[in-house]
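Engineer:
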Amino acid sequence: EAGVTQFPSHSVIEKGQTVTLRCDPISGHDNLYWYRRVMGKEIKFLLHFVKESKQDESGMPNNRFLAERTGGTYSTLKVQPAELEDSGVYFCASSPGLAGSYEQYFGPGTRLTVT
Amino acid sequence: RKEVEQDPGPFNVPEGATVAFNCTYSNSASQSFFWYRQDCRKEPKLLMSVYSSGNEDGRFTAQLNRASQYISLLIRDSKLSDSATYLCVVNWATNKLIFGTGTLLAVQP
Numbered sequence: 027e028a029g030v031t032q033f034p035s036h037s038v039i040e041k042g043q044t045v046t047l048r049c050d051p052i053s054g055h056d057n058l059y060w061y062r063r064v065m066g067k068e069i070k071f072l073l074h075f076v077k078e079s080k081q082d083e084s085g086m087p088n089n090r091f092l093a094e095r096t097g098g099t100y101s102t103l104k105v106q107p108a109e110l111e112d113s114g115v116y117f118c119a120s121s122p123g124l125a126g127s128y129e130q131y132f133g134p135g136t137r138l139t140v141t
Numbered sequence: 006r007k008e009v010e011q012d013p014g015p016f017n018v019p020e021g022a023t024v025a026f027n028c029t030y031s032n033s034a035s036q037s038f039f040w041y042r043q044d045c046r047k048e049p050k051l052l053m054s055v056y057s058s059g060n061e062d063g064r065f066t067a068q069l070n071r072a073s074q075y076i077s078l079l080i081r082d083s084k085l086s087d088s089a090t091y092l093c094v095v096n097w098a099t100n101k102l103i104f105g106t107g108t109l110l111a112v113q114p
């Protein structure tokens, strides 16, 4: 079974530019999550989709970040315009839609560098 | 106070040693608890879930003490391949995972 995949693996952009990250969850997983790790800090939650609906977006830092999951399959996270403090590793995770199942499986991450 | 606190280490231990990691969490309403393992520049990988009754998977044993809001991970007979960062992770009712900063383990030959 294929795991969570993310694209690109690395992205280097200039401040003010736009970047779109993509995540493909494990097939059949209704729950999709975005997390971020900035240098020296712990991994932090950004948001949670259940199918195509945003269940919890309390971790989104500001309105420069836009996440979508049209059709309830893959998801994109767009940063526009990017700022220096957006640099970090963006992880996507997924979990089944089973009651009481909270185990989340992570993708390899996208390493974003804003210069 | 951080929501999940761990000793960052590093823990440098010889092969074959037993090593224990501890973690405390601040939210008494936390419902699920996990240990994840993260290798350098890789994604976190689920090592094991932690249950109130304690659970064991081979050389790994996890314990949960809800009254003290404390989670532990014991690794017996350490292998070189156990070298990694071990992340203590707590889940609140909303499915949002809260991560500790991780404890770095280096197993020496």
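Those sequence lines, one after another, are chains P and Y.
Residue numbering for the first sequence follows the working numbering, starting at 27 and increasing by one per position.
Residue numbering for the second sequence follows the working numbering, starting at 6 and increasing by one per position.
Backbone N, C-alpha and C fix where the C-beta goes; we use that ideal spot for every residue, glycine too.
None of the values given here were measured: they were computed from a predicted structure.
1) Within the same chain, show all residues whose beta-carbon is closer than 6 Å to that of P:H36, passing over the 5 residues directly before and after it, in chain order.
2) Would you say P:D82 faces chain Y, with C-beta separation under 8 Å as the test?
3) Just to confirm the assignment: which complete beta strand (DSSP E) runs, minimum length 3, are found wholly within the stretch 17 to 100 of chain Y?
4) Would Y:S54 pass as an interface residue toward chain P - the criterion being a Cβ-Cβ separation below 8 Å?
5) Nearest by alpha-carbon distance to Y:V18: which of Y:S83, Y:T106 and Y:C93 is it?
6) Which residue marks the beginning of the beta strand (DSSP E) containing P:G114, and which one marks its end?
7) Evaluate the contact criterion for the stretch 21 to 39 of chain Y versus the stretch 47 to 55 of chain Y: three or more CB pairs, one atom per stretch, below 8 Å.
8) For a test of the three-state rule: what should DSSP assign to P:E111, helix, strand or coil?
9) Considering only their Cβ atoms, is the gap separating Y:V112 from Y:L85 smaller than 8 Å?
10) Mind listing which residues of the stretch 67 to 94 of chain P have their C-beta closer than 8 Å to chain Y's C-betas, in chain order?
11) Which same chain residues end up closer than 7 Å to Y:G21 when comparing Cβ atoms and leaving out the 5 residues on each side of it in sequence?
12) For P:T136, which of helix, strand or coil comes out of DSSP?
13) Whole angstroms is fine: what's the gap from P:W60's alpha carbon to P:P87's?
14) Which partner residues does P:H36 have in the DSSP bridge list?
15) Taking the beta strand (DSSP E) that P:K104 belongs to, which residues open and close that run?
16) So which residues on chain P does Y:S37 lean against when the C-beta distance must stay under 7 Å?
17) For P:Y131 and chain Y, any beta-carbon pair shorter than 8 Å?
18) Report the neighbours of Y:L51 on chain P: residues whose CB is nearer than 9 Å to its CB, in chain order.
19) Would you report the Cα separation of Y:V9 and Y:R42, rounded to the nearest angstrom?
20) Given a cut-off of 8 Å on the beta-carbon distance, is the pair P:T31 and P:V105 in contact?
21) Can you grab the Cα-Cα spacing for the pair P:A119 / Y:P114, in whole Å?
22) Starting from the beta carbon of Y:T90, find every residue of chain P whose beta carbon is closer than 9 Å, and list them in chain order.
23) For the putative contact between P:G114 and P:R63, defined by C-beta atoms under 8 Å, what is the C-beta separation to the nearest angstrom?
Structural biologist: From the atom records:
1) R137
2) yes
3) 24 to 30, 37 to 43, 49 to 55, 60 to 62, 65 to 70, 75 to 80 and 89 to 96
4) yes
5) Y:S83
6) G114 to S121
7) yes
8) helix
9) yes
10) K67, E68, I69, K70, F71, H74, Q81, D82, S84 and G85
11) D82 and S83
12) strand
13) 12 Å
14) P:R137
15) S101 to V105
16) Y128
17) yes
18) E129, Q130, Y131 and F132
19) 16 Å
20) no
21) 34 Å
22) Residues of chain P passing the Cβ test: none, with the nearest at roughly 11 Å.
23) 5 Å
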